[in-house]
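A quick write-up on the structure given underneath.
Protein chains in written order, with our numbering: chain A, 352 to 539; chain B, 942 to 1116.
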């Protein structure tokens, strides 16, 4: 222990591939109902692999790209410190435990799906999960409430997907350029 | 490699590349492919698997390996996992360098802002489709409404809401 040459905000060394794996493994294990706040806590405050600004910047990229935000974030953080092996270690660490847990639950479900109590329980569980999804949709939609053009686009997408059951890819190919164009015009 | 595995890998590779705004935006297309197009499972099974994935920790795309396993066993799980996480990860790796270079360009901000209403429309669609499947009795509608309000208004951990829903369901009340 020496304080010579160490400062309070000095960053620990770049994490090793194993440390990346362990960090994201813990994140996958503890992240119930939203990993994002936990991810920030781990990366910025606890392990200090990233500064707050770096985290926001990387997250911006991950939200912009397709795919799960946290999944992309694990890849980006791993890549930044240890290249491709680091990216692999981070993403595998992140999804290993949740995959095992989800499969265990799936096996219980398929095994006991004829038991009336179990069927009833899963029906109740599914109803509650649907409620969580509704709450997330509301939270996402609220920032649009003063943007009539944004609302119009969201409603068109909703009608195409939920009412007309149109396939996602063609819908995206039409609506994404329209939405980006409209946003550009509205902002100009 | 059999036909089912090929179909699974094609479906989820496609979903991986169009999942703008995170995992929940792809639920309607997943549901359409798995239930309506390929008839691999019923809508109720799909909703149950989705609920299971919500009850587990981790990122919100964990329903995908579960669907793969349910449709085609261990091989199905492996194929769907690689298909959903692989392409978007490769894209992330490729984009990391470019992103910093174009950080301050106005078009980048327009693209980012322009994708927001699309994600909103898709997540609301997910909520509509899952709710329509699940809430075929008044009791389930009540559970969904209560859990949505509680998640919005109270600082309750989502796991408690799932547990409460499961417990009410277990009693069979209203079913």
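Every residue gets a Cβ at the ideal spot worked out from N, C-alpha and C, and that includes glycine. The structure presented is a predicted model; accordingly, all values stated were derived computationally and were not measured.
Where does residue i fall in DSSP's three states?
i, result
"residue 983 of chain B", "coil"
"residue 402 of chain A", "coil"
"residue 961 of chain B", "coil"
"residue 408 of chain A", "helix"
"residue 998 of chain B", "coil"
"residue 439 of chain A", "helix"
"residue 465 of chain A", "coil"
"residue 1045 of chain B", "coil"
"residue 423 of chain A", "helix"
"residue 1114 of chain B", "coil"
"residue 496 of chain A", "coil"
Tell me where the alpha helix (DSSP H) around residue i begins and ends.
i, result
"residue 372 of chain A", "368-381"
"residue 1031 of chain B", "1004-1042"
"residue 501 of chain A", "499-509"
"residue 970 of chain B", "968-972"
"residue 512 of chain A", "Run containing residue 512 of chain A: none; DSSP gives neither H nor E here."
"residue 1095 of chain B", "From DSSP, residue 1095 of chain B is part of no alpha helix (DSSP H); its letter is neither H nor E."
"residue 388 of chain A", "387-391"
Just to make sure I have the definition right: I need the residues of chain B whose C-beta is within less than 7 angstroms of the C-beta of residue i. Which are they?
i, result
"residue 486 of chain A", "1089, 1092, 1093"
"residue 460 of chain A", "989, 993"
"residue 366 of chain A", "Per Cβ cutoff of 7 angstroms: no residues; residue 366 of chain A is ~17 angstroms from chain B at best."
"residue 526 of chain A", "1059"
Could you name the residues of chain A that residue i contacts, counting a contact when the two beta carbons are closer than 8 angstroms?
i, result
"residue 996 of chain B", "456, 476, 480"
"residue 1067 of chain B", "484, 488"
"residue 1051 of chain B", "531, 534, 535, 538"
If you draw a straight line from the C-alpha of residue i to the C-alpha of residue j, how long is it?
i, j, result
"residue 503 of chain A", "residue 467 of chain A", "44 angstroms"
"residue 1095 of chain B", "residue 1112 of chain B", "25 angstroms"
"residue 1053 of chain B", "residue 470 of chain A", "42 angstroms"
"residue 493 of chain A", "residue 375 of chain A", "31 angstroms"
"residue 445 of chain A", "residue 392 of chain A", "15 angstroms"
"residue 1010 of chain B", "residue 1045 of chain B", "43 angstroms"
"residue 972 of chain B", "residue 1065 of chain B", "14 angstroms"
"residue 1088 of chain B", "residue 1067 of chain B", "16 angstroms"
"residue 1048 of chain B", "residue 491 of chain A", "23 angstroms"
"residue 1102 of chain B", "residue 1114 of chain B", "17 angstroms"
"residue 1013 of chain B", "residue 990 of chain B", "15 angstroms"
"residue 1063 of chain B", "residue 528 of chain A", "16 angstroms"
"residue 1025 of chain B", "residue 486 of chain A", "25 angstroms"
"residue 1093 of chain B", "residue 944 of chain B", "43 angstroms"
Please list the partners that residue i has in chain B, where partner means a Cβ-to-Cβ separation under 8 angstroms.
i, result
"residue 506 of chain A", "1062"
"residue 501 of chain A", "1057, 1058, 1061"
Just the chain A side, please: which residues come within less than 7 angstroms of residue i by C-beta, in chain order?
i, result
"residue 1111 of chain B", "468, 471, 472, 475"
List, in chain order, every chain C residue whose beta-carbon is nearer than 7 angstroms to that of residue i.
i, result
"residue 428 of chain A", "Given the protein chain composition of this structure (A and B), no chain C is represented."
Quick test of the definition: if touching needs 3 or more C-beta pairs under 8 angstroms, does the stretch 462-482 of chain A touch the stretch 971-978 of chain B? Touching, no, given that fewer than three Cβ pairs across the two stretches are closer than 8 angstroms.
Counting Cβ pairs, one atom from each stretch, are 3 or more of them under 8 angstroms apart for the stretch 479-499 of chain A and the stretch 989-1001 of chain B? Contact between the stretch 479-499 of chain A and the stretch 989-1001 of chain B is present, because at least three Cβ pairs lie under 8 angstroms.
Is the number of C-beta pairs between the stretch 1072-1092 of chain B and the stretch 444-459 of chain A that are closer than 8 angstroms three or more? Too few Cβ pairs lie closer than 8 angstroms, so no.
If contact is defined by three or more beta carbon pairs under 8 angstroms, each pair taking one atom from either stretch, is the stretch 515-526 of chain A in contact with the stretch 956-970 of chain B? Yes, since at least three Cβ pairs between the stretch 956-970 of chain B and the stretch 515-526 of chain A fall closer than 8 angstroms, the two stretches touch.
Check whether the stretch 951-961 of chain B touches the stretch 402-419 of chain A, counting contact only when three or more Cβ pairs, one atom from each stretch, lie closer than 8 angstroms. yes
Would you check if the stretch 1013-1023 of chain B and the stretch 407-415 of chain A touch, i.e. whether three or more CB-CB distances between them fall below 8 angstroms? Contact annotation: the stretch 407-415 of chain A does not touch the stretch 1013-1023 of chain B, with fewer than three C-beta pairs closer than 8 angstroms.
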